[in-house]
Structure formats: C-alpha cells, structure tokens
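As you go down the protein sequences, you meet chains G and Z in turn.
Here the numbering used here is used: position 112 in the first sequence is 112, and no number is missing along the way.
Each position in the second sequence, counted from 1, maps to that position plus 1000 in the numbering used here.
Ideal Cβ positions, reconstructed from N, Cα and C, are used throughout, including at glycine.
Report on the following structure.
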Amino acid sequence: MKHLLKTTSIAFAGIFAAGLMAAPTAGAQEVLTFVSFGGGYQDAQREAIIKPFTEETGVIVNEASYGGELGKIKAMVTAGNVEWDIVDVEGGDAGVLCEAGLVEIIPDEFWEEVGGKDAFHPAAVQECAAGAIFWSTVFAYDANRIPPEKAAKTWADFWDVEKFPGARSLRRSPRSNLEFALMADGVPLDRIYDLLRTPEGVDRAFRKLDEIKPHVKKWWEAGAQPPQLLADGEVAYATAYNGRIYDANVKEGQNFKIVWQGHNYTLDLYVIPKGSPNKELALKWIAFSLRPDRQAAMTDHISYGPVTTAAIPLINPKVLPHLPNAPENFKQALLVDEEFWVENRELLTERFEAWLAQ
Amino acid sequence: MAAETLKLPIEIGGVSLKVKMQRADRRARTRALTLIAPLFFLLLLVFVLPIGYMLFYGVYSPELRNGLPDFAAALDQDSNEVPGEPVFRALAQDLAEARERREHKKAITPIRQQDIELWRVFRRTVENLPKDEVASMKEWFISFDSAWGEPDSWKVIRRIAAPYTAYYLINAVDARLSPDGSLELKRAEERVYLKIIGTTFEISFWVTVIALILGYPVAYLLANVSQRHSNLLMILVLLPFWTSLLVRTYAWMMLLQTEGVVNNVMTGFGIFTEPVQMMHNRIGVYVAMVHILLPFMLLPIYSVMKNLGPFPMKAAANLGANPFRAFVHVYLPQTLPGVGAGCLLVFILSLGYYITPALVGGPKDTMISLMVAINVNTFLNWGMAGALGTILLIATIAVFLVYNRFLGLEKVRLS
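What follows is the structure, given as structure tokens:
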C-alpha cells in the first residue's frame, strides 16, 4: 500500500513537473479560428499556409468551413460574439462586408510590413481585405464526349446551340453571366462594365440570356455541381470555377477541357470580422499567407493564382498554364468589376431571379 | 329556479362554500400553471420572441438615423419641402464625421436599396464635401447637385430617415412607393416575389394532394393488417422519416438524373425510348417533397383509423351498404379529422421548404424560403428577409383561417 502511494505520488509529481515545464509554451499558446469554403481549396490552404504557420509560430489554427453565408458574420458581429478570426470571402463580398462595417480595416502599416502595396495585384489590396488567390469563371466540357476540335471555343460558340449542340449549365447568379452574355453578343472586353452601368446594357444582356435560357438544363449554385454535371453527362457545356475543373481532372482522372477565352476572373480575400479578439494574430497570419513562397505553395495543391507578384516565378511550370493569371490566360481575361457588383447585386439578382421564374 | 339555488348562502366556519371552492380552484389552477410554465417560457423563447423579432426587423430601419444622427434630428424639426440651412449643415457635418470613421457607406446603404440614383448623389457629395467654411451649406449642396433642391428627393430621404419603414413589406409584394406616396406595381421584368409566393403555394398544394392520395390507402392498410405485418410496414414508413433530409434529397438526385438509376432501368427494359427529364423540374420537386413529407400525412390518418377499427365498415355492411357506400358514407367521414390534420401539417411544412426544391428543382421552382436565405446571407438585407417572413406568416395564417372557416379546426385530430 505504502509502495503504491509512493509510486503514484512520484508519478503525479512527474506529471506536475512535466506540466510545469510545458506550462510556459501552453500559457502562451495562441489560437486562431480560420474559416474557408472547405473541399480541395481549404485542403490547399491547410497544406500551404496553416501547417507551416503553426510550425513557425506555434499558433494553433482551428478550422471551420462555411458556404459564403455573410449572414453568419453579421450575426456574430451584431451579437458581439465573434468566434471567427480570419474568413475567406469571395471578391465582392469583401466590399459588402466593408461597407456594412462588419470587418476590420486593414491598416496601412500592415501593407508596409508585407512589402508595400505595389508587391501585389492592385485588386488584392483593399480597405478591409487582403487577397488570398485569383480564381476564374470559365466554361468547360468533357473531351471524352466532345472532341476538342469540334467543341465551342468562344462565348459566341457557347451561345450557338445549332453548331455546338448539347445542354448548358450556368451559375444561378447574374454575376459573370451578364458579362458572358455581352461577350457572346460581341461587346469588347473593355466596354462590358461601361455598358452594364446603363439600363440599356443590362436589358441587352438579359435579351442575350433569353436566347440561351431554353438550353440551360441546370442553373448551378455550388462550385461542386458543374464538374458533376459534366461527369454525369447531364450537360455538354458548363460554366465553372477553374480550380474545380482542374481538380476533377487531377484527382478523379476526368478529361475536362477549360476554355479560357473571355474568362471572368476575380479574387478570394481574407477578412477579419469586426471585434475579433485575435486581430493582431490574424493580421500576422494573413501576412504569412501573402509571402511569395506560401503563395506559390498554394498552386502545388490547387490551380488558383497567386496575388503576390513575386510568387509567379516560383510556380511549378507544369501548373502555371492552369492558373487564371498565367500570362497566356491573362490575355483574354476580364477582371470582375467588384465595385459594380457591390452597387448592383441586389437589383440585378432580384431581376435575374424574376427572369428565371418567367 | 336555478339562479335562486345558486344564490343560497351556505356558510361553513364563517366562509361561504363558494369562496372556499374558488380558493381550491385557484390553488389547482396555480399548480397547473406552474407545471406548464417551463413549456410556456420555452415557447416564448423559441417561438414568440423570434417571430416577434422577425416582424420587427421587417419594418425597422435605423441605419440612416444611427449613421447620421444630427441630420436625422434636424430633419425631424424641419417640415419644409426642401429643408433649410440647419439640416444641410447637420448633413455635411454628419457625413464628414461618418467618413472620418469610415462609416459613411454603411449609413447610406438603405438609400441604395430604395433609390439608386439618389444614392449616387449622396456618394458623390460625400466624396466632394467642401473643406473650407462656406457661407450657405444649402446653396453649396444645391449647386453641387440640383437633386438636393428637389422636393421629390427630400420626400424619399424623409421616408428613409424615419425609424420605421414599410419599404421592405411593399418591396416583398413587388410594389414601390412613388415620391408622392402612392403605391404602384413594379415593371413586369422587375417583379419577383409575387410570382415566387405563388409558386410556393402551388407546390405546397400539390404536394399535399399527392401525399393524401398516396398516404390514405397505405394508412388503411397499416391500420387493418395483422400486428406483425403492420409493424414491418410501419418501420418501412418510418425509416425514411429518420433519415436526414439532405441524404434523402441526394438519394433522389441519384435516382432521377438523366443517366440515373430510374432512367437506365427504364431505357434498359425498353419502357422509355430515351431518358426522361425527371430532375431540375417540377416532377423532381414533387417526388422528393412528397417522399419526405408522406409520414406527416400518413401517421395522423393511421392513428385515427386505428382507433376506428374495422367495425364501422362491418356494421355498414351488416345494414346492407355495399363496400363503396360504406366507405363514402360511413368510413371516410369518420377519418376526416386525421385527413385534416395530415393535410394541414404537410401544407404548412411544405411552405417553408427550400433545400429540396433548390437541389432537385429548376429555376421555376424557387420557393419563398430561398429568397429569405438569399436576403439573409448574400445581401445582408435582414429587413427584406423579415418582410418576406412576415408575408409568408400572414399567408399561412390566412390558409389556417380559411381552413377553419370551411372545414373547422375542431375536427382536426392527431389521434
């Protein structure tokens, strides 16, 4: 009995001592909550940024996923109970959140510390957000079903169901679709947003969408849908996020072809919900994510482009042609005018839904 | 005579029996109330409060007032068509301060929702506010943009600056207020919500009808087969009931898609010559929703039939009625309470559906809940979401009242 007591007390003392020794690190253990869109994208963020960040700083990063529901951020901030420290948001949403005062302002000092604003694509430097990646809305088809020489190559072709038969799928949103409609109607890239800022331009885009509407079998809502629709043979051509198509080719052995002509590219950005208790740490994480080596590492896992200019030479030459901002793909590209969409998304989305329901 | 009896004073120990009985009664009632208090507070917390909050959100519009407080206060004091200098001065001051705090965009967001041209005027003005002292702020504003001198602009601004607004509710029925305050329907291509509310009711109605047609015979079977068989059948009914809604919806997607199980089997057997489109349209919505909601129809009907037993039909037959007559005149009327409960449950649950129609339906099958979700999550326009919820609530209550008027709620029975 005495022996047992002795052993246990030694064991306890040992645990206690170990605890004491570990205590300095444990006491300083800092925790961040990172929220992104899940799937292959968040896997890439984990491998390229989160794990190396924890290795370098000892900061534990908890992860969660969401579907881009800004309402969750608004609810958290309104209730004064902010549990998310860094959130990955889609291009225009950063502007919406900033306007609504729901995210922290990124201070100028931050940009100085990470190498100055000029080190990044201008769209990646925002009042309340810092760029994460470039992604693009493209259209794609299954080359096992449609031989590439017979496939549609432009937006005008995409609209031409006589010459390029088969069902279509587009995103259930006016975003990008209005732009694509005007491209199909022969409007040059640099005139698209000027035209969309006029009521006549919007009418023209909707008239062009009228033409394709009977052939659109599915208006998709989640990024995972278009590769699935193509794989199932539900549609012949679908608009899609370029990374999802690349992923399906690499991970599922599909033979999908991306048409880069007239792709509509934009960013994902990192924001910090207003009132986050870990704002400084979150900024540190974002600064880490902007490092050229981390930006280049992202492209080892997913085909989204870096926002840091210095990262481009570091990218694996095999991956480069699949990125939205590869020099070759940039030539025929239209940058989403997020300011236009912040201003008009409610009106145009309501009109788009009304148009769909007709 | 009866009244006289009641008046008889019976006194025991100085206290009338009536009082004593009242006391006993009150004690019993207090005990009963205490017992239901937890439920009452739970209901208050999870039902009454959220609904109240939703109704409130549908009419509450504090953004402009909170963002530009001095301006709102000055505007309340001034009743001129185009307000005077103090209002303009307060506006310039508030806008400059809000810009300093980088909150000017937030303050004027409701203006963009209601009048985008006026919002552009505000934005240009904020960006160009005079840095030096000007003699008349009003003159500066009007010379900067003539819209500031127009009574119509101010009618709109006053409406938006009010703490409560009917804007969201009006927008939820595809109408708008003209500056002079008269209601007008929007242009046909801008109307969205009326159509979607119509679709919501149409889908809910047909889902209820189909569920009734499918559920009634099954309920009869369940109530009238031997215990052993009915248990097995009941498990078959309940099994999908216990499966997650998303899993069931995805299962239907696997079955119904163009190259899905149903089409492959049917074309394989040569029943279909080519795949039939069963998804991304109304067929898919009806199939998936009826499947999910069928137990809600079946169970109340089953429970009424179980209590009824086989005897009414037997008794009717004994009295010489043929099976059809026995069913129509004897059995069916007695099962109506269950039918009523089932229909009401299925219809009202259907009204709130959105994931299933969004996944298996097409763009013409959008239900109102999806628009609520878009407003909450994408537009961050909780006022609009609240207003749409209010409209749905009113419509549901209307259905309930119509139902009560013609069929009678007292006939509804869950068992």
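Which same chain residues end up closer than 6 Å to residue i when comparing Cβ atoms and leaving out the 5 residues on each side of it in sequence?
i, result
"Y1197(Z)", "Reading the sequence as shown, one finds Ile at residue 1197(Z) and not Tyr. Hits under 6 Å: I1368."
"Q1277(Z)", "none"
"W84(G)", "T33, V35, P273"
"A129(G)", "A94, L269, V271"
"A1387(Z)", "G1058, Y1168, L1169, A1172"
"V125(G)", "K117"
"T1390(Z)", "L1055, G1058"
"L1068(Z)", "D1094, A1107"
"G305(G)", "F134, L323, P324, N325"
"G38(G)", "S65"
"Y241(G)", "W135, G223"
So residue i and residue j are in contact, right, with Cβ under 8 Å, and what is the actual spacing, rounded?
i, j, result
"F139(G)", "F158(G)", "6 Å"
"G1361(Z)", "V1285(Z)", "4 Å"
"K150(G)", "Q261(G)", "With 8 Å as the limit, K150(G) and Q261(G) do not qualify as a contact, their Cβ atoms being about 16 Å apart."
"S1204(Z)", "S1350(Z)", "4 Å"
"L348(G)", "V59(G)", "Contact flag wrong, Cβ pair sits at about 41 Å."
"E1085(Z)", "K1138(Z)", "5 Å"
"L334(G)", "L189(G)", "5 Å"
Do residue j and residue i count as a contact pair if the criterion is CB distance below 8 Å?
i, j, result
"F1141(Z)", "F1088(Z)", "yes"
"G131(G)", "L267(G)", "yes"
"R1301(Z)", "V1339(Z)", "Note that residue 1301(Z) is Ile in the sequence shown, not Arg. Closer than 8 Å, so yes."
"L1075(Z)", "A1161(Z)", "yes"
"A231(G)", "R244(G)", "no"
"V319(G)", "H121(G)", "no"
"R197(G)", "F340(G)", "yes"
"A1032(Z)", "E1063(Z)", "no"
"L170(G)", "R204(G)", "no"
"V82(G)", "S289(G)", "no"
"F180(G)", "W219(G)", "no"
"G1215(Z)", "G1309(Z)", "no"
"E127(G)", "I106(G)", "yes"
"Y1193(Z)", "Y1060(Z)", "no"
"L229(G)", "A238(G)", "yes"
"T1396(Z)", "I1348(Z)", "yes"
"T137(G)", "H215(G)", "no"
"V1304(Z)", "P1337(Z)", "yes"
Only counting the same chain, and skipping five residues up and downstream in sequence, which positions put a Cβ closer than 8 Å to that of residue i?
i, result
"T1366(Z)", "I1196, T1199, P1357, A1358"
"R1026(Z)", "none"
"I1157(Z)", "L1075, I1111, L1118"
"G233(G)", "D142, R145"
"N1375(Z)", "N1381, W1382, M1384, A1385, L1388"
"A23(G)", "Residue placement at A23(G) is flagged as unreliable, the pLDDT there being 43, under the threshold of 50; a coordinate-derived value is accordingly withheld."
On a Cα-Cα basis, can you pick out the residue from the options that is closest to residue i?
i, options, result
"I1210(Z)", "T1249(Z), M1253(Z), V1287(Z)", "V1287(Z)"
"Y265(G)", "A181(G), E112(G), D337(G), T309(G)", "D337(G)"
"N437(G)", "V1372(Z), Q1114(Z), L1255(Z), F1241(Z)", "Residue coverage of chain G in this structure runs from 1 to 358, which leaves residue 437(G) outside it and unanswerable."
"T1378(Z)", "T309(G), P321(G), D190(G), A100(G)", "A100(G)"
"D293(G)", "E112(G), I312(G), A333(G), A248(G)", "I312(G)"
"D1070(Z)", "A1092(Z), V1247(Z), F1241(Z), Y1060(Z)", "A1092(Z)"
"A248(G)", "Y41(G), N316(G), E90(G), V31(G)", "Y41(G)"
"I212(G)", "G166(G), N278(G), F37(G)", "G166(G)"
"E252(G)", "A240(G), W111(G), P227(G)", "P227(G)"
"G1149(Z)", "D1174(Z), Q1022(Z), V1121(Z)", "V1121(Z)"
"I1213(Z)", "P1363(Z), K1364(Z), V1290(Z)", "V1290(Z)"
For residue i, I'd like the list of residues in its chain whose CB is within less than 7 Å of its CB, leaving aside the five on either flank, ordered along the chain.
i, result
"E102(G)", "For the record, residue 102(G) in the displayed sequence is Leu; it is not Glu. The answer, listed in chain order, is I73, K74, V77, P273, K274."
"G1306(Z)", "Reading the sequence as shown, one finds Lys at residue 1306(Z) and not Gly. So the qualifying residues of the chain are A1223."
"F1144(Z)", "T1125, N1128"
"N1404(Z)", "none"
"V1372(Z)", "A1385, L1388, G1389"
"A297(G)", "A48"
"K279(G)", "E104, I272"
message: Assess contact between the segment 342-353 of chain G and the segment 164-181 of chain G, defined as three or more Cβ pairs (one per stretch) separated by less than 8 Å. Is contact present?
response: yes
Closer than 8 Å is the cut-off here; do at least three beta carbon pairs connect the segment 294-314 of chain G with the segment 44-60 of chain G? yes
Meets three-Cβ-pair contact criterion under 8 Å: the segment 311-331 of chain G and the segment 56-69 of chain G: no
Counting Cβ pairs, one atom from each stretch, are 3 or more of them under 8 Å apart for the segment 1187-1196 of chain Z and the segment 1261-1277 of chain Z? no
With three or more C-beta pairs closer than 8 Å as the rule, is the segment 1076-1083 of chain Z touching the segment 1025-1040 of chain Z?
no
Q.
Could you check whether the segment 1305-1321 of chain Z touches the segment 1247-1258 of chain Z, counting it as contact only if at least three pairs of C-beta atoms, one from each stretch, sit closer than 8 Å?
A. no
- Query: Does the segment 1293-1300 of chain Z come close enough to the segment 1233-1241 of chain Z that 3 or more CB-CB pairs lie under 8 Å?
  - Reply: yes
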